[in-house]
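Notes follow once the structure below has been shown.
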Amino acid sequence: MVTATRLLLITLTLGFIPVFLVFIAPEGPLMQVAGSIVILLLVSLNLFTGRSRISVSSSKTQIVVEEEMNFGDIELPPPILSEESTSEIRDSKIRRSRGRKAAEEPPEMELPLPFPNPNTVSMEEGSPLPDIPDEDVEGLAKIHVAKSDPELMAEAEVDRYLEQQRARRSVFRERLQRERRSEMSHRKAEEARKWADLEDGEDLSTITKIPGHGLAVMYEPEDPDPSIPQGISYFRIDDHRILKIRVSLDVPDTSRTSWQEESGQDSQAPIPPLPLPPDMEMPPPLPELPPPVSTDD
């Protein structure tokens, strides 16, 4: 039987279709899409709503009828009584649960006597071997028994850990010292840069040439030699004093003077005659030259 809600949905669906065709279809595509969605919604509500069908399950009770078993006149055999007592039965069960008895060991076979080694016989019959003193021989293998001592292993582990910590500490110390040196060098460079900027920012030679500059100029040395070229440097001591240093540019050439001295000593010394070969005799002396011819003759 159709319910009132389902009947209302069917009526709305059937009534909305002509309304859609008459009023909504001429409006445009957007209104047509909206009307189509409404129609589909109503149709889906009609299809997927309503009361579900109740399935009637007929449960039949099964009646079990127990039939009495009638064996008739059957005589049961007499019970079988065991001759063993209860304790013996228990002991036998314990033996079976523990397992079978160990199989008898096979009889040991007698080993044949070993044949005598001819080398050993000859050594026994010969002269006795000399006694070898127990001395440490280089290259001789010795017996070493390896032992595992927990205390030694723990101490070795502790020593290894301490070595690792020392290595890490040394690495950290070197890194810290490197960073400190780098920071100190940066600070010194910054301070030197400030002083250089301050000194380069003022021309002391020009300032001292201005009359009435108001600065006390100190000379070093006070009485220089005017015949020698000099280099002049200015240093500011404070806000009111300036130091003027004059340095002589006439540097003696020690290498040249030493060479001149050596050449002078060589020129004063007589030149020795050239050595002659051993097979050659001394040449004869040169003849006397004739007197010069005068213009009067």
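Here my numbering is used: the first residue of the sequence shown is -16, the next is one more, and so on. The beta carbon of each residue, even a glycine, is placed where N, CA and C say it ideally should be.
| Query | Result |
| --- | --- |
| Identify the continuous beta strand (DSSP E) that holds V200 and give its terminal residues. | 199 to 203 |
| Taking 7 Å as the cut-off, is the beta-carbon of L226 closer than that to any non-hydrogen atom of the ligand MG? | Within the structure as shown, the ligand MG is missing, as the structure has no ligands at all. |
| Please determine, among I193, G214, G197, S216, the residue with the shortest C-alpha to C-alpha distance to D222. | G197 |
| Can you find a C-beta in chain B that's less than 8 Å from the C-beta of S19? | The structure shown contains no chain B, having only a single protein chain. |
| Pull up the DSSP beta-bridge partners for L226, would you. | M201, F218 |
| How should G11 be labelled, buried or exposed, when 16 other C-beta atoms within 10 angstroms of its C-beta is the threshold for buried? | exposed |
| Taking C-alpha atoms, which residue in G18, L(-8), G(-2) lies nearest to S27? | L(-8) |
| Name, in chain order, the residues that DSSP records as bridge partners for Q213. | S231 |
| First and last residue of the alpha helix (DSSP H) that includes L30? | 12 to 31 |
| For E157 and L145, what's the separation of their Cα atoms in angstroms? | 18 Å |
| Grouping DSSP H, G and I as helix and E and B as strand, with all else coil, what is R143? | helix |
| Leaving out five residues on either side along the sequence, give the residues of the same chain with a beta carbon under 6 Å from the beta carbon of S105. | Confidence in S105 is poor, its pLDDT being 49 and thus under 50, which makes the residue's placement too unreliable to answer from. |
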